[in-house]
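Enquirer: Just so you know, the protein sequences line up as chains A and B, in that order.
Heads up: the first sequence begins at 950 in this note's numbering, then just goes up one per residue.
Heads up: the second sequence begins at -12 in this note's numbering, then just goes up one per residue.
For glycine and all other residues, C-beta sits at the position ideal for the given N, C-alpha and C.
Since the structure is predicted, the reported quantities are computational estimates derived from the model, not experimental observations.
Take a look at the following structure, please.
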Amino acid sequence: SQTIHQWPATLVQPVGSPLSLECTVEGTSNPNLYWYRQAAGRGLQLLFYSVGIGQISSEVPQNLSASRPQDRQFILSSKKLLLSDSGFYLCAWTTGTGENQPQHFGDGTRLSIL
Amino acid sequence: DQQVKQNSPSLSVQEGRISILNCDYTNSMFDYFLWYKKYPAEGPTFLISISSIKDKNEDGRFTVFLNKSAKHLSLHIVPSQPGDSAVYFCAAIPKTGANNLFFGTGTRLTVIP
Chain A
950 SQTIHQWPAT
960 LVQPVGSPLS
970 LECTVEGTSN
980 PNLYWYRQAA
990 GRGLQLLFYS
1000 VGIGQISSEV
1010 PQNLSASRPQ
1020 DRQFILSSKK
1030 LLLSDSGFYL
1040 CAWTTGTGEN
1050 QPQHFGDGTR
1060 LSIL
Chain B
-12 DQQVKQNSPS
-2 LSVQEGRISI
8 LNCDYTNSMF
18 DYFLWYKKYP
28 AEGPTFLISI
38 SSIKDKNEDG
48 RFTVFLNKSA
58 KHLSLHIVPS
68 QPGDSAVYFC
78 AAIPKTGANN
88 LFFGTGTRLT
98 VIP
């Protein structure tokens, strides 16, 4: 069966520090991968998605970037964190074939910027 | 611009009664609709979905209704159980794109024993 792992679960970082959140998927090949953010009191907002290695699409211009160095690995990064980057970050995957496939989420990383 | 809206931030229901969660959308290109359930400190879990060619989909205690003319969908849970207490997100996928989800802001359901 397929599983998705995100780490760390919680992270406290100072303003201006770098960020690296990692997500890996097991049990499937060539998944579509996604990064979402949920800010306080708001819904989930799609940040990036990837349909293959090295292929990244950005949905919202911001201070963050994403990379997909391996088929089942998706990384969210920042060179300098801002206070507004605080939130709950979720990684998700779906099968790369066919339309209208539900996305399956990891347990998220709660990021607090001080 | 919020294309998927859940206007009720919270809902309380007695155990055994019906819970009805509502969702409205503005984009007529949405082709597929999903409901997710989320517990604190966990990622959302897929619950049930419906294609735009249908108006109803049922799975056990959960039924989703779609009214395309009104751009409205709802999730019915009957009978409601205390374990159903969670935040429920409505989401939609447009006809084009890599299965990108557009989420509502969520409704917190509390089922009172």
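(1) According to DSSP, simplified to helix, strand and coil, what is D46/B?
(2) To which residues does DSSP link E2/B through a beta bridge?
(3) For the beta strand (DSSP E) that contains I64/B, what are its first and last residues?
(4) Taking the Cβ atom as the reference point for each residue, do C77/B and V(-9)/B lie within a distance shorter than 8 Å?
(5) Please name the residues in the region 977 to 1007 of chain A whose beta-carbon is closer than 9 Å to at least one beta-carbon of chain B, in chain order.
(6) If you reduce the DSSP assignment to three classes, tell me which class S1035/A lands in.
(7) For the beta strand (DSSP E) that V974/A lies in, which residues bound it at each end?
(8) Counting only Cβ-Cβ distances shorter than 8 Å, please list the residues of the region 27 to 60 of chain B near chain A, keeping chain order.
(9) Since L21/B meets chain A, which of its residues come closer than 7 Å, beta carbon to beta carbon?
(10) For chain A, find out if any of its Cβ atoms is closer than 8 Å to the Cβ of N(-6)/B; answer yes or no.
(11) Is the distance from the Cβ of D1034/A to the Cβ of I1002/A below 8 Å?
(12) Taking L1060/A as the query, report the chain B residues whose CB atoms sit under 9 Å from its CB, ordered along the chain.
(13) Short check: CB of Y75/B to CB of L8/B, under 8 Å?
(14) Let me check one thing: in DSSP terms, what residues is N54/B bridge-paired to?
Expert: So, from the data block:
(1) The answer is strand: DSSP assigns D46/B an E or B state.
(2) DSSP lists no partner for E2/B.
(3) Per DSSP, I64/B is one residue of the beta strand (DSSP E) stretching across H59 to I64.
(4) Their beta carbons are under 8 Å apart, which means C77/B touches V(-9)/B by this criterion.
(5) From the region 977 to 1007 of chain A, only N981, Y983, Y985, Q987, G990, R991, G992, L993, Q994, L995, Y998, S999, V1000 and S1006 have a Cβ closer than 9 Å to chain B.
(6) Here S1035/A sits in coil by DSSP.
(7) Note, V974/A: beta strand (DSSP E), L968 to E975.
(8) Cβ contacts with chain A: A28, E29, G30, P31, T32, F33, S36 and S38.
(9) At a C-beta separation below 7 Å, L21/B has these neighbours in chain A: P1051.
(10) No, N(-6)/B does not count as interfacial toward chain A.
(11) No; because the gap between Cβ atoms is not below 8 Å, this pair is not in contact.
(12) Near L1060/A there are no residues of chain B at all, since even the closest Cβ is about 13 Å away, more than 9 Å.
(13) Contact annotation: Y75/B and L8/B have beta-carbon atoms nearer than 8 Å.
(14) In the DSSP output, where bridge partners are listed per residue, N54/B has H59/B.
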